[in-house]
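Peer 1: One point on numbering: in the working numbering, the residue at position 166 of the sequence shown is 1026, and numbering is uninterrupted.
Here a beta-carbon is modelled for each residue, glycine too, at the ideal position from N, C-alpha and C.
In this text, all values refer to a predicted model and were calculated from it rather than measured experimentally.
A single structure is presented below for examination.
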Amino acid sequence: MKRLSAVVAACAFAVSAAAQDLKPGLWEISSKLTSPSGELEKAATEMQAQMADMPPEQRKLMEDMMAKQGVKMGAGAPGDMTVKTCMTPEQVARNEFPAQQGKCKTTSQPRAGNVLKMSFTCTDPPSSGDAVYTFVSPEAFSSKVVVRTTAQGKAETMNMNAKGKWLGADCGPE
């Protein structure tokens, strides 16, 4: 269960890495993850069931742990999640975001109009992928990301469609 939440968090944070030319501040990214094998959805369903069966105190500890990573699993279908992340003006200007520090390396192609294509490689958890971001405005974007990783010793490809929206300039307490 910890491995799945780490992969989900890494994938979701990879979305924020393309946020150049967007407003700095608090962002909410809503994602839908799917996998051709169906293993991701199965693991997410099992994780949701395990969390639902936990005593309230234990469930709160797990939710708090995930929240510290900015992850809130959706109440909807397996693979739905919402991530909140703060992007400072300096991070936006340098295209450097908290999720990238020490864990992911991102390579962007030149932006063409409102579309940015990029590739990434992460070390924790080990994964790589490609993404296409469409900037709707300085306060909104959509993305399609393909992530390649290993789950339970088998190569796995995950697809993530996401929408990001700017919530405001104030990120709240750090």
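Spatial neighbours of Asp990 within its chain, please: CB distance less than 6 Å, with the 5 preceding and 5 following residues excluded, ordered by chain position.
Peer 2: Closer than 6 Å at Cβ, skipping near neighbours: Ser979 and Val1006.
Peer 1: Met941: which of Glu1016, Met947 and Thr905 sits nearest, CA to CA?
Peer 2: Met941 has its Cα closest to that of Thr905, out of Glu1016, Met947 and Thr905.
Peer 1: Under three-state DSSP, which class holds Met925?
Peer 2: Helix, per DSSP.
Peer 1: Among the residues of its own chain, which have a CB less than 6 Å from the CB of Lys965, if the five just before and after it don't count?
Peer 2: Thr981.
Peer 1: For Thr1010, count the other beta carbons within 10 Å of its own beta carbon; 16 or more makes it buried, fewer makes it exposed. Which is it?
Peer 2: So Thr1010 ends up on the exposed side.
Peer 1: Using CA atoms only, rank isn't needed, just tell me which of Arg919, Pro949, Met925 and Thr894 is closest to Gly1028.
Peer 2: Of the candidates Arg919, Pro949, Met925 and Thr894, the one whose C-alpha sits nearest the C-alpha of Gly1028 is Pro949.
Peer 1: Ser1002: which of Asn1021, Asp984, Pro985 and Glu1016 sits nearest, CA to CA?
Peer 2: Nearest C-alpha to Ser1002: Asn1021.
Peer 1: Distance check for Glu899 and Ala1015, CA to CA, integer angstroms please.
Peer 2: Roughly 11 Å between the two C-alpha positions.
Peer 1: Classify Val975 as buried or exposed, calling it buried when 16 or more other Cβ atoms lie within 10 Å of its own Cβ.
Peer 2: Label assigned to Val975: exposed.
Peer 1: Between Gln961 and the rest of its own chain, which residues show a CB-CB distance below 8 Å, the 5 nearest in sequence each way excluded?
Peer 2: Because the pLDDT of Gln961 is 47, which lies under 50, any placement of that residue in the model is unreliable, and the question is left without a value.
Peer 1: Residues bridged to Gly1028 by DSSP?
Peer 2: Looking at the DSSP assignment, Gly1028 forms a beta bridge with Leu886.
Peer 1: Report the CB separation of Gly825 from Trp887 in whole angstroms; it is logged as a contact under 8 Å.
Peer 2: Outside the modelled stretch of the chain, which goes from 861 to 1034, sits residue 825, for which no answer is possible.
Peer 1: Could you check which residue in Ser895, Ala912, Asp1030 and Arg1008 has the C-alpha nearest to that of Ser987?
Peer 2: Ranking Ser895, Ala912, Asp1030 and Arg1008 by Cα distance to Ser987 puts Arg1008 first.
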